[in-house]
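S.K.: Numbering (the working numbering), first residue to last: 36 to 218.
Here it is: the structure, laid out below.
Here it is in structure tokens:
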């Protein structure tokens, strides 16, 4: 009888140690994560690959991981958004916009609409420099504002004034005037 008790105690201890070891092997936690989007299908744009049932782990304004969904890898205070099989894909880049007709219109209407439709970067193709400068200053000073990253091609240059231009373009009538505008 004593042999059975010893065997039972040994088996119980072995099971306990196995469970403890398995628990200790739980994947590491993303302590720095502030947001995780769970159960999404990630379009990678690398061939036709789609990562099914993955999570996107975010810290601040950076994606720090894309991996199979495993909520145990997240810190308890990480905000979790259930994706329910929705698709996640990289932000779109619109390389030809005329979005800066006015500072307020760009900041209040145009930029939030672009972001809501997945556009995370725009290249403005020739707005008034004063508006561009003001918009950039506001974007830097108002950190919570929703807006795409803003690239600028520079001022609109043309050889003849068109009636619909208003004050927008810089009219260059000679090759010398054009050369003066080069850096």
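Note that the Cβ used here is the ideal one computed from N, Cα and C, for glycine as well.
No experiment lies behind these values; they were computed from the predicted model shown.
Does the stretch 128-146 come within contact of the stretch 106-120, defined as at least 3 CB pairs closer than 8 angstroms?
M.R.: no
S.K.: Work out the CA separation of residue 97 and residue 181 for me, nearest whole Å.
M.R.: As a working mapping, residue 181 is identified with position 146 in the chain shown. As a working mapping, residue 97 is identified with position 62 in the chain shown. When rounded, the distance between both Cα atoms is 15 angstroms.
S.K.: Report the three-state DSSP secondary structure of residue 144 (helix, strand or coil).
M.R.: To locate residue 144, count along the chain shown from 1; it is residue 109. Helix.
S.K.: Are the beta-carbon atoms belonging to residue 113 and residue 84 less than 8 angstroms from one another?
M.R.: Residue mapping note: residue 113 aligns to position 78 of the chain shown, counting from 1. Residue mapping note: residue 84 aligns to position 49 of the chain shown, counting from 1. No, the pair does not count as a contact, with Cβ atoms beyond the cut-off.
S.K.: Just the Cα atoms here: how many angstroms apart are residue 116 and residue 73?
M.R.: Counted from its first residue, the chain shown places residue 116 at position 81. Counted from its first residue, the chain shown places residue 73 at position 38. Cα-Cα distance, rounded: 6 angstroms.
S.K.: Would you say residue 127 and residue 153 are within 8 angstroms of each other, going by their C-beta atoms?
M.R.: Translated into the one-based positions of the chain shown, residue 127 becomes position 92. Translated into the one-based positions of the chain shown, residue 153 becomes position 118. Yes, the Cβ-Cβ distance between residue 127 and residue 153 is below 8 angstroms.
S.K.: If you draw a straight line from the alpha carbon of residue 100 to that of residue 146, how long is it in whole angstroms?
M.R.: Here the question's residue 100 lines up with position 65 in the chain shown. Here the question's residue 146 lines up with position 111 in the chain shown. Their Cα atoms are separated by approximately 27 angstroms.
S.K.: Under 8 angstroms by Cβ, that's how I've got residue 167 and residue 187 pegged, so tell me the actual separation to the nearest angstrom.
M.R.: Locating residue 167 in the chain shown gives position 132, counting from the first residue. Locating residue 187 in the chain shown gives position 152, counting from the first residue. That belief holds up - the Cβ atoms of residue 167 and residue 187 are roughly 6 angstroms apart, short of 8 angstroms.
S.K.: From the DSSP output, read off the bridge partner residues of residue 94.
M.R.: What you label residue 94 is simply residue 59 of the chain shown in a count that begins at 1. DSSP lists 97 as partners of residue 94.
S.K.: Alpha carbon to alpha carbon, what distance is there between residue 217 and residue 190?
M.R.: The residue labelled residue 190 in the question sits at position 155 within the chain shown. The residue labelled residue 217 in the question sits at position 182 within the chain shown. Cα to Cα, residue 190 sits roughly 12 angstroms from residue 217.
S.K.: If the criterion is Cβ atoms closer than 8 angstroms, does the pair residue 131 and residue 171 meet it?
M.R.: For the purposes of this step, residue 131 is identified with residue 96 of the chain shown, where counting begins at 1. For the purposes of this step, residue 171 is identified with residue 136 of the chain shown, where counting begins at 1. Taking 8 angstroms as the Cβ cut-off, residue 131 and residue 171 do not qualify as a contacting pair.
S.K.: Alpha carbon to alpha carbon, what distance is there between residue 206 and residue 68?
M.R.: Position 33 of the chain shown holds residue 68. Position 171 of the chain shown holds residue 206. About 51 angstroms.
S.K.: Kindly list the residues whose CB is nearer than 7 angstroms to the CB of residue 164, restricted to its own chain and excluding five residues on each side of it in sequence; keep chain order.
M.R.: Residue mapping note: residue 164 aligns to position 129 of the chain shown, counting from 1. 190, listed in sequence order.
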